[in-house]
Every structure is written in structure tokens, then in C-alpha cells.
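These notes are about the structure you will find just below.
2 protein chains.
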Amino acid sequence: MTAVEPRFTRDQPDVRRRKLIEATAHCLAEFGHAGTSVRAVAAKANVSPGLVAHHFKGIDDLIVATYDHVGAQIAEILGAAVDTAPDDAEAKLRAFIEASFKPPVLDRDLLAIWLSFWSLVRRDPGVRKVHKKIYADYRRRLEGLVAEIARARRFKIDAHLAALGFTAMLDGLWLELCLDPTTFAREDALRIAHAWVDDLVAGGFRALAVKRT
Amino acid sequence: MTAVEPRFTRDQPDVRRRKLIEATAHCLAEFGHAGTSVRAVAAKANVSPGLVAHHFKGIDDLIVATYDHVGAQIAEILGAAVDTAPDDAEAKLRAFIEASFKPPVLDRDLLAIWLSFWSLVRRDPGVRKVHKKIYADYRRRLEGLVAEIARARRFKIDAHLAALGFTAMLDGLWLELCLDPTTFAREDALRIAHAWVDDLVAGGFRALAVKRT
DNA sequence: GTGCTTGTTGTACAAGTGTATAATAAGGAA
DNA sequence: TTCCTTATTATACACTTGTACAACAAGCAC
Numbered sequence: 018m019t020a021v022e023p024r025f026t027r028d029q030p031d032v033r034r035r036k037l038i039e040a041t042a043h044c045l046a047e048f049g050h051a052g053t054s055v056r057a058v059a060a061k062a063n064v065s066p067g068l069v070a071h072h073f074k075g076i077d078d079l080i081v082a083t084y085d086h087v088g089a090q091i092a093e094i095l096g097a098a099v100d101t102a103p104d105d106a107e108a109k110l111r112a113f114i115e116a117s118f119k120p121p122v123l124d125r126d127l128l129a130i131w132l133s134f135w136s137l138v139r140r141d142p143g144v145r146k147v148h149k150k151i152y153a154d155y156r157r158r159l160e161g162l163v164a165e166i167a168r169a170r171r172f173k174i175d176a177h178l179a180a181l182g183f184t185a186m187l188d189g190l191w192l193e194l195c196l197d198p199t200t201f202a203r204e205d206a207l208r209i210a211h212a213w214v215d216d217l218v219a220g221g222f223r224a225l226a227v228k229r230t
Numbered sequence: 018m019t020a021v022e023p024r025f026t027r028d029q030p031d032v033r034r035r036k037l038i039e040a041t042a043h044c045l046a047e048f049g050h051a052g053t054s055v056r057a058v059a060a061k062a063n064v065s066p067g068l069v070a071h072h073f074k075g076i077d078d079l080i081v082a083t084y085d086h087v088g089a090q091i092a093e094i095l096g097a098a099v100d101t102a103p104d105d106a107e108a109k110l111r112a113f114i115e116a117s118f119k120p121p122v123l124d125r126d127l128l129a130i131w132l133s134f135w136s137l138v139r140r141d142p143g144v145r146k147v148h149k150k151i152y153a154d155y156r157r158r159l160e161g162l163v164a165e166i167a168r169a170r171r172f173k174i175d176a177h178l179a180a181l182g183f184t185a186m187l188d189g190l191w192l193e194l195c196l197d198p199t200t201f202a203r204e205d206a207l208r209i210a211h212a213w214v215d216d217l218v219a220g221g222f223r224a225l226a227v228k229r230t
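Order-wise, the sequence lines are chains A and B.
According to my numbering, the first sequence is numbered sequentially starting from 18.
According to my numbering, the second sequence is numbered sequentially starting from 18.
Dropping the structure here:
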């Protein structure tokens, strides 16, 4: 009854790919972009280096897949926060803010993934495409909420521009908070973001009322 | 009269360091973080690889020096925009905005430097220190202008928080514009940033009036 | 001129990189 | 069971990387 345990286990391609993607995320978090190589990922996944090449074109391809995967997770978390909030555009916008500034969104490890992905955007058209899609979805959701608030409160605003600015502010706060949590706290970021909504609700940003030409 | 030209020229250490720093900036812009090695920098500077090691501890040290150098340049450009603007806080703030969204500040090459520096912040305490200093200076200038506007217009605001939010928005717009200039234009970024100032001048962001506890 | 300091080169080496390859074996199908 | 597909391993190769080192020479002091 000496069960000979197999030297390795076979996985379905998509299962193995997901495991490799998760290993890549851990490597980026632990070693950064420079320390994330095919071999490092393979070691993290307890797998031979050759297997990585069998499933992905290279380390860049793997990072793109990781961004795609993690990006979808984040979008789902933020989406869930909006969906479970009361049926009111302002409440949903505030729920979005709350979800943005707590884990797992507010997370240094996540920034590490984002940074190495951003550094690929310029050189790789495929990467650029994924980045564009994720950000477009991200902005569309906020733009819809802003437009709905304006409609309910009966004032005009260029929701597209307003959402662009709001997205940038959230992004900037998130980035700087992940980079260096000592300069200001997440409570500060929350106050700033909520104050922006206060101002929007009060009919602020009148300068953005006219549709851009 | 066959002038034997010297095989190489000797530079003062600080001169050579600056040349290497500029070569590093070019490498980061052209090849990205992954393609910026001691050898690549040396080649770009028409210098032997060994010389880089003679002046800098390694490639990371060089990137930090590059960030420090370029960061000071940018601070100077933005500072000059503020200083040459009319003696009015609002005008100065708007001049700051204008300078932020045109070259050489709005520049993909600059983002490449910033990205590779950000990716070092987490791991290296020295890098963290430089980053902290540059951002503190950056925010202090904006905070001063915001406070002056509030004083002149006789309303209360937490200038610290307001400047934090404004900085984040400028950062976010700048980042996304450098990453992908096709989604929105610099004119959009300008409108958004100026609208924020409009709102500030009109006494917006009243939610930030109370000093944080 | 002469000598000295040190910026600079060229080379060498060990370690790490991506990738290709043949050999292996896990696990489902028949 | 037997066969077959292919996920997986192990190894090898050519290349790049950071770093160390001795030799060299530019340019200043004298």
C-alpha cells in the first residue's frame, strides 16, 4: 500500500494559466518588476521554467494577463460596492469612493502590478488596448453616476469631463497613498473625495456646464 | 602637424555624473525600465561600462539621481511659471496649471522616468526619502496659493486638504494623458483643472472648510 | 619638462536571463 | 488494461547582466 505520489500534477490549461497569473502577481508584489522573471514566477508556482513558456509568450505577456485578471477583479469589487448601495446615484458614488480607499483596492501590492503594467503601455500596442478598455469601463461607470445626479438635481454638467476629473483625482489619491502612506491618511483621501461629491451635488463645477465643442 | 586626438576626455566628477544622468533619462525614455542597464547607459553616453560603476553604485542609484535631477528641473519650470505670472494667487495657480499640461512637463519621456522611479520607492528607503521631498515641495507651493486665495476672498478652507486633492487631480490627469493621449486631450485637462479653480474661487469645497481634527 | 592623481578603459567572470529542445509521464479515452 | 495526447520536466545554449580588476592616460601641480 505504498502509494507512489505523482511527481507533478496535470492541470487544465486555463487552470494552470490562472495559477501562473497569481504567481506573477505575488512576484511583482514581492520583488517588483525587475525581480519578476520567468524563472521567478516558475519558482513561485512550484513549476519548471519551461512550463511558463509553454503557456505564455514571455514575461510581458504574463504581466498583461495579470493586469487583465486583477483589473477585472477590481472592477468587480467596485461594481459590487455600487450595486449593493442604495438605489440613489449619490449614495452609489459615495460607495464607490469608500471601496476605492480600502483593501483590497488600496493595496501596495496592487500598485506594484499597475506600475509594471503602465511601463509596458508605451511599447506594446496590445497592452495599450487592454489599458484603454479597463479605463474606459472605469470612467463610464462614474460618468453615468455623475450624469444621473445632475439629472436628478436638474442642473447641467458635462458629465464626461467631470468624470474625467474625478477619476484623475481618485487615481492620484490612490497612487500617492499606495506609494507613501505616511504623508496623508486614507481618511484624508475619503474627505477630499466626498467633498468633491458634496460640491457636485451642490451644483458646483458650473464651468463644466457647457458641452465642450 | 598630425594632431593626435586623445582617446577619451577627462571630466570633472560632477560633469561626468550629469552626463550619465542625462544618458539614463534618454535610455528610460527609449527603452523603458527593463532596457535601461549599466551597459545601455554607458553606450548612450559613449563611455565604457566600468565608468558607470565608478561614479554610481549601480543602475538603481543612477535612476534615483536621474529622478532627483529631472525632478528639480520640473520644479524649476513650474516655479518659473508661478513667479512670472501676475502678482495674484489665482493667476499664479492658473499659470501653474498651464505649465503642467504642456511640454516639457507633459511628456511621455518624463513619465517613463517617473514610472521606473516609483517602482523603486517601495524597496529603497533612500528613494522614498527623495520622493517624499519632491512631493512635499510640490504640494507646499500649491497649498500656499490655495490659502492665499481663501484669505483674499475671505472664506475658510483647509488649504492642506484642498491642495492634496488638487495635486492628486493634476497628477492623475498628467499620468493618464501621458499614458494614452487619445482618450482625452490636454485641452480637456486644462478645462477640468481651471474649473476646479473656478469652483475654489467661488467658495466651493465648503466641506473642507473645517480644519481636520 | 616630470610626476602624481584619478578619471577612464578593456577585459574577464559568475550569475541570471529568455528560449528551444528532447525526454518524460499524467490522466483521460477506448 | 493499452494507447495517445499533451502538460510538464530537465537540460542546454546563447546572450545580457552587474561587478571587479589591472592597465592606461589625461590633465593638473610643480
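Note that the Cβ used here is the ideal one computed from N, Cα and C, for glycine as well.
Is residue i buried or exposed, if buried means 16 or more other CB atoms sit within 10 Å of its CB?
{"i": "V32/A", "result": "exposed"}
{"i": "A116/A", "result": "buried"}
{"i": "S65/A", "result": "exposed"}
{"i": "L37/A", "result": "buried"}
{"i": "E93/A", "result": "exposed"}
{"i": "D216/A", "result": "buried"}
{"i": "D205/A", "result": "buried"}
{"i": "T184/B", "result": "buried"}
{"i": "G143/B", "result": "exposed"}
Rounded to whole angstroms, what's the CA-CA distance from residue i to residue j? Just pull it up for me.
{"i": "A98/A", "j": "L162/A", "result": "13 Å"}
{"i": "D175/A", "j": "A164/A", "result": "8 Å"}
{"i": "R140/A", "j": "P103/A", "result": "42 Å"}
{"i": "A46/B", "j": "R125/B", "result": "8 Å"}
{"i": "S54/B", "j": "L95/A", "result": "39 Å"}
{"i": "D154/B", "j": "H148/B", "result": "10 Å"}
{"i": "F134/A", "j": "R158/B", "result": "31 Å"}
{"i": "K150/A", "j": "G88/A", "result": "10 Å"}
{"i": "K74/B", "j": "G52/A", "result": "18 Å"}
{"i": "R170/A", "j": "D105/A", "result": "12 Å"}
{"i": "K109/A", "j": "N63/B", "result": "57 Å"}
{"i": "T230/A", "j": "E107/A", "result": "Bear in mind that the predicted position of T230/A carries a pLDDT of just 43, short of 50, making it too unreliable to give a figure here."}
{"i": "Q29/B", "j": "V58/B", "result": "18 Å"}
{"i": "H211/A", "j": "K119/A", "result": "15 Å"}
{"i": "R2/B", "j": "R56/B", "result": "It is not possible to answer for residue 2/B, since the shown part of chain B is limited to 18 through 230."}
{"i": "R27/A", "j": "I91/A", "result": "29 Å"}
{"i": "E160/B", "j": "M186/A", "result": "16 Å"}
{"i": "V81/B", "j": "H177/A", "result": "37 Å"}
{"i": "E39/A", "j": "D77/A", "result": "15 Å"}
Does any heavy atom of the ligand ZN sit closer than 7 Å to the C-beta of residue i?
{"i": "I91/A", "result": "The ligand ZN is absent from the structure shown, which contains no ligands of any kind."}
Within this structure, are the beta carbons of residue i and residue j separated by less than 8 Å?
{"i": "I209/B", "j": "L190/B", "result": "yes"}
{"i": "D188/A", "j": "R145/B", "result": "no"}
{"i": "Y84/A", "j": "I130/A", "result": "yes"}
{"i": "R203/A", "j": "L137/A", "result": "no"}
{"i": "R111/B", "j": "V218/B", "result": "no"}
{"i": "R156/B", "j": "L181/B", "result": "yes"}
{"i": "A121/A", "j": "L127/A", "result": "Sequence inspection shows Pro at residue 121/A; the Ala mentioned does not correspond to that position. The answer is yes: Cβ separation under 8 Å."}
{"i": "H43/B", "j": "K61/B", "result": "yes"}
{"i": "H71/A", "j": "R34/A", "result": "no"}
{"i": "L79/B", "j": "T41/B", "result": "yes"}
{"i": "L207/A", "j": "L132/B", "result": "no"}
{"i": "G49/A", "j": "G221/B", "result": "no"}
{"i": "T101/B", "j": "Y152/A", "result": "no"}
{"i": "P173/B", "j": "A167/B", "result": "Checking the sequence, you will find Lys at residue 173/B rather than Pro. In this structure, A167/B lies closer than 8 Å to K173/B by Cβ."}
Beta strand (DSSP E) segments (min. 3 residues) lying fully within the segment 86 to 120 of chain B: none
Cβ-based contacts, 9 Å cut-off: residues of the segment 129 to 154 of chain B near chain A: A129, L132, S133, W135, S136, L137, V138, R139, R140, R145, H148, K149, Y152 and A153
Using Cβ-Cβ distances below 9 Å, what residues of the segment 167 to 186 of chain A are close to chain B? D175, H177, L178, A179, L181, G182, F183, T184, A185 and M186
Going along the segment 58 to 74 of chain B in order, which residues come within less than 7 Å of chain A, judged by CB to CB distance? none
I'd like the ranges of any alpha helix (DSSP H) spanning at least 4 consecutive residues and lying wholly in the segment 136 to 196 of chain A. 142 to 170 and 176 to 196
Any C-beta of chain B within less than 7 Å: which residues of the segment 24 to 55 of chain A qualify? G49 and H50
Below 7 Å between beta carbons is the criterion; list the residues of the segment 116 to 128 of chain A that meet it against any residue of chain B, in chain order. R125
Mind listing, in chain order, the continuous alpha helix (DSSP H) runs of no fewer than 4 residues lying wholly within the segment 48 to 90 of chain A? 55 to 61 and 66 to 72
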